[in-house]
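Residue numbers (my numbering): 26 to 503. Note that beta-carbon positions come from the ideal geometry of N, C-alpha and C, so glycine has one too. First the structure, in the form of structure tokens, and then the observations on it.
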Amino acid sequence: MDYEKLCLFINGKFVSGGGRHEQPVLDPATGEVIGMLPHACREDLDEALSAAQAAFLLWSKVSPLKRSEILRRFAELARAQARRIGLQITLDQGKPLAEAMIEVTGASEHAEWHAEEGRRIYGRVVPARSPEVRTFVVREPVGVCAAFTPWNFPFSQALRKISAALASGCTLILKGPEDAPGGVMALARLFNEAGLPPGCLNLVWGVPAEISDYLIRSPIVRKVSFTGSVPVGKQLASLSALHMKPCTMELGGHAPVIIFPDADVERTAEMLSAFKFRNAGQVCVSPTRFFVHASIFEKFSGAFIARTRAIKVGPGTVEGTMMGPLANGRRPPHIAAIVDDARERGATLLAGGTRLPGRGNFFAPTVLADLPLDSRLMTEEPFGPVAALAPFEDTDEVIARSNALPYGLASYVFTNSARDAHRTAVGLQAGMVNINHFAMGLAELPFGGIRDSGFGREGGVETFDGYLTTKMVTHRHG
Ligand code: NAD
């Protein structure tokens, strides 16, 4: 096993030991300890803050061209080491190696795209009211950022925030996911190799609430970015507001998928079963509520269940595995409780439904139908391999049902009718609407939600909005 040495990365130095508290990191496929993760002490956090502050004074003045070179060099290194980094992700997060490698190469596109787009952060000249006046508007980096990223896509979630901060001239302190630190560790190592100056990126680990509380309160931090659950996002957004700091919140979802009678049933079932159980359903945009037109409900559920049952579950390191274990020991009991709640309330179990025997956090891909609207699965983000099927008759009614929860992240529609495509695109209250395919998370597209799913966007030209301030300069001469 070739697992990264786990360290803090502060002011360009990798540090561990020194009597710091250490947390075991487990392989979710076996439960075995694969590494020890050092927690940052108060002095480490203070050092990271001063390093990021000092580095900001220099990095904010570095030309966009130079910043772009470093981001592109990082992407080259990451692509060249995709297999090795992918293995880190599989070892501590559990997803199949092929999926982990796609995470690395796909995320590298974010570094490249931000490298290019960062060279196009333009201001503007505003026509003045008198010939002696010149008025212009410039966009400046907001300052030191604190970023908190989750364990489901450890490499890509961290890289999106790092790329946006660095390309806009900000520096950052990132607290990665303690459950799955290997891919994030690799990220710090590669940025160091790519020539990023010390202090621009600092990586810390610890008790999440303690670190976020300390960093967000620090007057050095000027921006907060978080990806994770809605309750934690609300806490961090409240704390940020108390200290008047802008934030980007990429939170949970409960994505509806609407399948109209004219959709290609077999193909839709095939696409959706692969998409639903990718990363064992631990994806904020994972489809959860499948609204299927009553006229094709039996046909679709038959095809979807057949494909779901054919999913090969196993360790992510084994060739041919289609779905790995859940990422940590908290997930299987959580998913089991959601399934039990559904069954107690009369739902029909169509596939899976239980934790798999033996070691590791394996859970069978699960499909349920006949769920009461107030069951946990129909109201709470499951964040796991569970799909709920429900029939619908009318387009307005299904749009209303889709919009009925407080979330508003991703949504999906399958139809060949231009009319239904248009009605759902307009009617669905979500940050992202995908019709007949899935194309979220691409570097050039804005990713993010509305309502309880958060605010701010990662990717697209919108990506820099959270990392820049606007300054107006008006100059009278003569
Ligand atoms: P959690 O809410 O405790 O943690 C989710 C992530 O947030 C973790 O990476 C954790 O380290 C971090 N976190 C938690 N409290 C924090 C705090 N006070 N300050 C800073 N970071 C903090 O839950 P969990 O058991 O790890 O994951 C379960 C839930 O998290 C899921 O149900 C899902 O809703 C959500 N989640 C969402 C995403 C996403 O991409 N939106 C990713 C991972 C987890």
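What are the start and end residues of the alpha helix (DSSP H) that includes residue i?
i	result
Pro-179	179-192
Gly-505	Residue 505 lies beyond the range of the chain shown here (26 to 503); nothing can be said about it.
Gly-207	207-218
Ile-475	Run containing Ile-475: none; DSSP gives neither H nor E here.
Val-4	Within the shown structure, residues of the chain are numbered from 26 to 503, placing residue 4 beyond reach of any answer.
Ala-132	122-142
Val-40	Val-40 -> not in any alpha helix (DSSP H); beta strand (DSSP E) instead, spanning 38-40.
For residue i and residue j, I'd like the C-alpha separation in whole angstroms.
i	j	result
Arg-334	Glu-218	44 Å
Met-403	Ala-362	13 Å
Pro-156	Thr-494	27 Å
Lys-337	Val-411	15 Å
Pro-281	Thr-273	23 Å
Gly-150	Tyr-437	Note that residue 150 is Val in the sequence shown here, rather than Gly. Computed Cα separation, rounded: 41 Å.
Thr-115	Thr-174	17 Å
Ala-468	Glu-369	43 Å
Leu-470	Val-257	25 Å
His-64	Pro-202	12 Å
Lys-301	Ile-95	36 Å
Asn-87	Leu-191	With the sequence shown as reference, residue 87 is identified as Val, and Asn is not the correct amino acid for it. Computed Cα separation, rounded: 10 Å.
Phe-216	Ala-352	26 Å
Arg-98	Asn-36	20 Å
Phe-279	Phe-251	It should be pointed out that residue 279 corresponds to His in this sequence rather than to Phe. Their backbone Cα atoms lie some 18 Å apart in a straight line.
Ile-475	Gly-354	30 Å
Ala-140	Leu-62	31 Å
In this structure, does DSSP put residue i in helix, strand or coil?
i	result
Thr-342	coil
Leu-226	strand
Ser-250	strand
Pro-410	coil
Arg-164	strand
Leu-381	coil
Pro-397	coil
Lys-300	It is Phe, not Lys, that sits at residue 300 in the sequence shown. Helix.
Arg-356	helix
Gly-60	strand
Ala-335	coil
Glu-47	strand
Val-392	strand
Ala-172	strand
Val-255	helix
Lys-86	coil
Leu-112	helix
Met-348	strand
Leu-467	coil
Pro-416	strand
Phe-480	strand
Which residue comes first and which comes last in the beta strand (DSSP E) that contains residue i?
i	result
His-318	312-318
Arg-501	493-501
Ser-436	435-439
Glu-275	272-275
Thr-200	Looking at the sequence shown, residue 200 is not Thr but Lys. From DSSP, the beta strand (DSSP E) with Lys-200 extends over 196-200.
Ile-460	457-460
Phe-34	33-35
Ile-283	280-284
Return the residue from the list the options that minimises the CA-CA distance to residue i.
i	options	result
Val-40	Val-58, Glu-57, Val-50 and Asp-69	Asp-69
Ala-50	Gly-433, Gly-56 and Gly-60	The sequence as given places Val at residue 50; Ala does not occur at that position. Nearest option by C-alpha distance: Gly-60.
Asp-52	Arg-247, Gly-349, Glu-422 and Gly-378	Gly-349
Asp-204	Val-232, Gly-341 and Cys-195	Val-232
Ile-424	Thr-313, Asn-353 and Gln-454	Gln-454
Arg-448	Gln-307, Leu-430, Gly-433 and Glu-422	Glu-422
Asp-71	Arg-108, Leu-96, Ile-236 and Ala-319	Ile-236
Leu-430	Ala-450, Val-451 and Arg-401	Arg-401
Gly-485	Pro-358, Arg-104 and Glu-134	Glu-134
Gln-48	Lys-38, Ala-450, Thr-55 and Leu-33	Leu-33
Gly-345	Glu-124, Gly-37, Phe-99 and Glu-101	Glu-124
Lys-259	Lys-186, Gly-42, Leu-31 and Ala-234	Ala-234
Ala-262	Ile-241, Ile-95, Val-246 and His-279	Ile-241
Ser-265	Val-249, Met-347 and Gly-433	Val-249
Arg-482	Gly-341, Asn-459 and Glu-275	Glu-275
Glu-137	Gln-118, Val-246, Arg-92 and Leu-122	Arg-92
Ala-294	Ser-326, Pro-416, Ala-435 and Tyr-492	Ser-326
Lys-186	Met-269, Gly-383, Thr-499 and Gly-466	Gly-466
Leu-212	Leu-297, Ala-105 and Ala-305	Ala-105
Under a CB-based cut-off of 8 Å, is residue i close to chain B?
i	result
Ala-299	This model lacks chain B altogether; it includes just one protein chain.
(request) Give a yes or no on contact between the stretch 74-82 and the stretch 138-153, applying the rule of three or more CB pairs nearer than 8 Å. (result) no
(request) Indicate whether the contact test is met: 3 or more Cβ pairs, each with one atom in the stretch 370-388 and one in the stretch 273-288, closer than 8 Å. (result) no
(message) Under 8 Å, with one C-beta from each stretch per pair, do the stretch 204-215 and the stretch 116-130 reach the 3-pair mark?
(response) yes
(request) Evaluate contact between the stretch 365-376 and the stretch 389-398, counting only Cβ atoms and requiring at least three cross-stretch pairs below 8 Å. (result) yes
(message) Three or more C-beta pairs under 8 Å: does that hold for the stretch 165-174 against the stretch 189-202?
(response) yes
(request) Determine contact between the stretch 220-227 and the stretch 104-114, defined as no fewer than three beta-carbon pairs at a distance below 8 Å. (result) no
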